[in-house]
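In my numbering, the protein residues as written are 89 to 474. Below is one structure, written out as structure tokens; the observations come after it.
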């Protein structure tokens with residue numbers, strides 16, 4: 089497709105459609121809340137721009153805090169240079185979407201996720217890389233600290249793997265720490281919601297993981313191509329993460345963690361908020377404990393999560409132990425072999441496996457949460473039979 093400098097109302101076909109949705113998404117003074125109100129009254133964005141100013145004002149008066157006069161002017165009388173810029177952005181977006189595995193998803197499309205459409209501020213236009221069908225499948229958000237502990241990351245990966253095996257999609261934010269671990273645990277059924285343009289990788293340390301998710305899962309952004317990551321983008325992207333999910337699980341979080349923003353948004357959206365408890369001495373557990381004090385659901389296993397988001401299905405939908413055992417790799421598998429059929433303390437199992445004691449203790453908890461190991465009185469660990 090050739091680039092064009094034509095204004096938005098002069099470009100043809102699908103590109104004109106893309107330009108109309110992009111224009112609505114980018115119109116000053118019209119955020120996602122106002123856009124939803126407008127689309128609820130008129131589903132075609134091109135007709136919104138042609139609507140009577142008085143009618144637009146009546147619709148926008150429903151939006152708390154909206155600068156109605158400024159929004160109406162921006163919709164009806166945008167500067168021509170700005171329209172030209174939108175046309176060029178649409179041309180670039182269509183060129184990007186024409187590449188294999190790339191697509192644009194507008195709020196008016198039939199396969200726009202039903203759950204996301206329910207929130208008060210759904211994104212008008214999404215840029216998608218990977219399998220967009222994942223966005224319409226039942227999902228659980230998994231979030232937590234960027235500077236996570238080894239134990240926390242083991243929990244995130246194990247929970248994500250178990251949820252994936254139970255048929256759920258895992259949604260997270262592609263950040264370092266818990267997010268990255270959750271994505272790794274559910275690569276073929278994970279959605280990464282990012283706070284930059286879809287063609288921008290952030291953080292760069294997750295470049296290899298990002299490529300894996302694009303090939304096996306799905307990456308989503310509401311920001312135009314080339315948009316750099318900015319601090320204000322991440323709280324906004326969190327509403328999409330929780331909006332796609334039946335519930336949100338917080339694995340580890342400090343008192344001021346951004347994960348608590350996601351949990352708050354999930355609660356406002358009517359989603360279940362879950363948290364894994366931790367040591368009272370760990371700063372990374374304080375955010376989870378705060379959530380639990382404020383009504384979040386305490387979960388200790390994948391089965392608990394399933395019972396929350398899909399009541400009555402935990403027993404039937406949870407994977408068999410033999411499937412979970414087959415999924416265990418690396419040091420966890422080494423430790424499982426060391427336990428064998430001879431129960432032992434963490435110290436004894438660290439000696440048998442040749443692993444450091446702190447790592448052994450974290451791995452034992454991960455195996456316990458996965459339903460593969462049972463902790464007996466006296467701190468003795470026993471492998472459960474398949």
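Just so it is clear, CB atoms sit at the ideal spot from N, CA and C, and this is done for glycine as well.
Whole angstroms is fine: what's the gap from residue 472's alpha carbon to residue 460's?
Looking up residue 472 in the chain shown gives position 384. Looking up residue 460 in the chain shown gives position 372. In a straight line, the C-alpha of residue 472 is about 5 Å away from that of residue 460.
Exposed or buried, which one is residue 386 when buried takes at least 16 other CB atoms within 10 Å?
Sequence index remark: in the chain shown, residue 386 carries index 298 (1-based). By the neighbour-count rule (16 or more Cβ atoms within 10 Å), residue 386 is not buried but exposed.
Can the beta-carbon of residue 288 be found less than 8 Å from the beta-carbon of residue 316?
In the chain shown, the residue the question calls residue 288 occupies position 200. In the chain shown, the residue the question calls residue 316 occupies position 228. In this structure, residue 316 lies closer than 8 Å to residue 288 by Cβ.
What residues in its chain sit with their C-beta under 8 Å from that of residue 445, if we drop five residues either side in the sequence?
As a first step, residue 445 is located in the chain shown; it is residue number 357 there, counting from the start. So the list reads 434, 435, 438, once near-sequence residues are dropped.
I need the DSSP call for residue 400, collapsed to helix, strand or coil.
Translated into positions along the chain shown, residue 400 becomes position 312. Residue 400: coil per DSSP, three-state reduction.
Please work out which residues of its chain come closer than 6 Å, Cβ to Cβ, to residue 363, disregarding the five sequence neighbours upstream and downstream, and give them in chain order.
Along the chain shown, read from residue 1 onward, the residue named residue 363 stands at position 275. Once the five neighbours on either side are set aside, the close Cβ partners of residue 363 are 338, 376, 379, 380, 384.
Look up residue 448 in the DSSP assignment and say whether it is helix, strand or coil.
Along the chain shown, read from residue 1 onward, the residue named residue 448 stands at position 360. Reduced to three states, the DSSP call for residue 448 is helix.
Identify whether residue 415 lies in helix, strand or coil by the three-state DSSP scheme.
Counting from one through the chain shown, the residue named residue 415 turns up at place 327. Bear in mind that the predicted position of residue 415 carries a pLDDT of just 45, short of 50, making it unreliable; the figure below should be weighed with that in mind. In this structure, residue 415 counts as helix in the three-state DSSP scheme.
So, is residue 203 buried or exposed, given that buried needs 16 or more other C-beta atoms within 10 angstroms?
Taking the first residue of the chain shown as position 1, residue 203 is located at position 115. Buried is the call here.
Hey, which unbroken runs of the beta strand (DSSP E) at 3 residues or more fall wholly within the region 306 to 375?
Runs of the beta strand (DSSP E) inside the region 306 to 375: 306 to 309, 335 to 338, 360 to 363.
Applying the 10 Å Cβ sphere with the 16-neighbour rule, what's the burial state of residue 243?
Here the question's residue 243 lines up with position 155 in the chain shown. Residue 243 comes out buried.
Which of the three DSSP states, helix, strand or coil, is assigned to residue 392?
Counted from its first residue, the chain shown places residue 392 at position 304. In the structure shown, residue 392 sits in a helix (DSSP, three-state: H, G or I).
Leaving out five residues before and five after residue 108 in sequence, what residues of the same chain have Cβ atoms less than 6 Å from its Cβ?
Reading the chain shown from its first residue, position 20 is the one you call residue 108. Within the same chain, residue 108 has close Cβ partners 133, 134.
Excluding the 5 residues flanking residue 158 on each side, which residues of the same chain have their C-beta closer than 8 Å to its C-beta?
Numbered from its first residue, the chain shown carries residue 158 at position 70. Correct list, in chain order: 116, 117.
Pairs of beta-carbons, one from the region 269 to 276 and one from the region 177 to 195, closer than 8 Å: are there three or more?
The region 269 to 276 vs the region 177 to 195: no contact.
Under 8 Å: do the region 417 to 432 and the region 386 to 396 share three or more Cβ pairs, one atom per stretch?
Verdict: no, contact absent.
So the candidates are 223, 137, 145, 290; which of them puts its Cα closest to the Cα of residue 165?
Here the question's residue 165 lines up with position 77 in the chain shown. Checked all of 223, 137, 145, 290; the closest Cα to residue 165 is 137.
Among the candidates 129, 150, 144, 180, whose CA atom is the shortest distance from the CA of residue 110?
Here residue 110 refers to the residue found at position 22 when the chain shown is read from its first residue. Out of 129, 150, 144, 180, 180 has the C-alpha closest to the C-alpha of residue 110.
Taking the straight line between their C-alpha atoms, what separation do you get for residue 200 and residue 343?
Taking the first residue of the chain shown as position 1, residue 200 is located at position 112. Taking the first residue of the chain shown as position 1, residue 343 is located at position 255. Near 35 Å, if we compare the C-alpha coordinates of residue 343 and residue 200.
What is the DSSP secondary structure of residue 168, reduced to helix, strand or coil?
On the chain shown, residue 168 is found 80 positions in, with the first residue counted as 1. Reduced to three states, the DSSP call for residue 168 is helix.
Quick one: give me the first and last residue of the alpha helix (DSSP H) that residue 240 is part of.
If you number the chain shown from 1, residue 240 lands on position 152. Taken as a continuous stretch (DSSP letters only), the alpha helix (DSSP H) holding residue 240 covers 238 to 253.
Taking all protein chains shown into account, do 16 or more other C-beta atoms lie within 10 angstroms of the C-beta of residue 207, making it buried, or fewer, making it exposed?
Residue numbering aside, residue 207 sits at position 119 when the chain shown is read from its first letter. Buried is the call here.
Considering only residues of the same chain and omitting the five flanking positions on each side of residue 330, which have a CB-CB separation below 7 Å?
Along the chain shown, read from residue 1 onward, the residue named residue 330 stands at position 242. Correct list, in chain order: 229, 336, 350, 353, 354, 357, 359.
Could you give the uninterrupted runs of the alpha helix (DSSP H) lying entirely in the region 130 to 218, keeping only those of 4 residues or more?
Listed in chain order, the complete alpha helix (DSSP H) runs (minimum 4 residues) inside the region 130 to 218 are 133 to 138, 141 to 148, 156 to 164, 168 to 185, 202 to 206.
Starting from residue 464 and walking both ways along the beta strand (DSSP E), at which residues does that stretch end?
Indexing the chain shown from 1 puts residue 464 at position 376. Residues 461 to 464.
Between the Cα of residue 301 and those of 193, 257, 141, spot the shortest distance and give me the residue it belongs to.
Sequence index remark: in the chain shown, residue 301 carries index 213 (1-based). Ranking 193, 257, 141 by Cα distance to residue 301 puts 257 first.
Does the beta-carbon distance from residue 293 to residue 264 come in below 8 Å?
Sequence index remark: in the chain shown, residue 293 carries index 205 (1-based). Sequence index remark: in the chain shown, residue 264 carries index 176 (1-based). For residue 293 and residue 264, yes; Cβs fall inside 8 Å.
Give the DSSP-derived three-state secondary structure of residue 386 in the structure shown.
By 1-based counting over the chain shown, the position of residue 386 is 298. DSSP places residue 386 in strand when its eight states are reduced to three.
Measuring CA to CA, which of 303, 455, 215 is closest to residue 277?
Here residue 277 corresponds to residue number 189 of the chain shown, with the count starting at 1. When each option's Cα is compared against that of residue 277, the closest is 303.
Quick check on residue 124: buried or exposed, where buried means 16 or more other Cβ atoms within 10 Å of its Cβ?
As a first step, residue 124 is located in the chain shown; it is residue number 36 there, counting from the start. Residue 124 should be labelled buried.
Excluding the five sequence neighbours on either side, which residues of its own chain have a C-beta within less than 8 Å of the C-beta of residue 252, listed in chain order?
Stepping through the chain shown from its first residue, residue 252 is reached at position 164. These residues qualify, in order along the chain: 258, 273, 274, 276, 277, 278.
Starting from residue 302, follow the alpha helix (DSSP H) in both directions and report where the run begins and ends.
Counted from its first residue, the chain shown places residue 302 at position 214. Note, residue 302: alpha helix (DSSP H), 295 to 304.
Does DSSP put residue 233 in a helix, in a strand, or in coil?
Mapped onto the chain shown, residue 233 falls at position 145. In the structure shown, residue 233 sits in coil (DSSP, three-state: anything other than H, G, I, E or B).
Quick one: Cα of residue 121 to Cα of residue 216, how far?
As a working mapping, residue 121 is identified with position 33 in the chain shown. As a working mapping, residue 216 is identified with position 128 in the chain shown. Cα to Cα, residue 121 sits roughly 22 Å from residue 216.
One question on the structure: do residue 431 and residue 457 come within less than 8 Å of each other, judged by their Cβ atoms?
For the purposes of this step, residue 431 is taken as the residue at position 343 of the chain shown. For the purposes of this step, residue 457 is taken as the residue at position 369 of the chain shown. No, the Cβ-Cβ distance between residue 431 and residue 457 is not below 8 Å.
Measuring only the C-alpha atoms, how far is residue 221 from residue 462?
Position 133 of the chain shown holds residue 221. Position 374 of the chain shown holds residue 462. When rounded, the distance between both Cα atoms is 37 Å.
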